[in-house]
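Under our numbering, think of the first position of the sequence shown as 22, with each following residue one higher. Yeah, the Cβ is synthetic: ideal placement off N, Cα and C, and Gly gets one too.
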Amino acid sequence: MKLNKQEFIRTKAIENLNDPEGREILWSRHGITELLNDDLNRIEVEKAFTTCEIIEDCPTQHRPLPDCLVLSLLKNSKPIHAVVAIDENSDRIFVVTVYRPSKERWENDWRTRK
22 MKLNKQEFIR TKAIENLNDP EGREILWSRH GITELLNDDL NRIEVEKAFT TCEIIEDCPT
82 QHRPLPDCLV LSLLKNSKPI HAVVAIDENS DRIFVVTVYR PSKERWENDW RTRK
């Protein structure tokens with residue numbers, strides 16, 4: 022059966038909210054750096070993953086895990102993008118990077134590159 026990546030990410034985000042140790046979502050060093058650079062809140066971003074939408078699949082050629090670009094809205098309705106890797110074997114997701122998309126590079130729907 023083919024994995025529904027979007028549903029997997031959403032499910033892991035919901036499970037992570039209910040796990041005091043937060044073991045369902047791991048963050049890369051780069052992801053944490055970008056989180057801080059964009060003045061984002063980790064918990065708020067992880068909550069936003071519960072309703073994320075996959076907008077691009079990333080090629081798996083040089084990556085150990087399949088990943089994708091997701092669009093999520095923070096509680097203030099501001100958009101964020103994140104590259105999220107799917108780790109089915111460990112039953113978790115891995116945030117590669119997260120950022121606020123810019124109007125210079127993205128259309129108003131935040132789903133389409135200019």
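In this structure E128 is exposed. Its beta-carbon is surrounded by fewer than 16 other beta-carbon atoms within 10 angstroms. From the listed residues V91, D88 and T32, the smallest Cα separation to T71 is found for T32.
Rounded to the nearest angstrom, the gap between the Cα atoms of N110 and E28 is 16 angstroms. Contact fails between the segment 75-84 and the segment 34-54, because fewer than three Cβ pairs, one in each stretch, are under 8 angstroms apart. Straight across, the Cα-Cα distance linking I46 with N97 is about 22 angstroms. A direct Cα-Cα distance of roughly 16 angstroms separates P80 from L24.
With respect to the 7 angstroms criterion, L56 and V117 are not classified as neighbours on the basis of their beta carbons.
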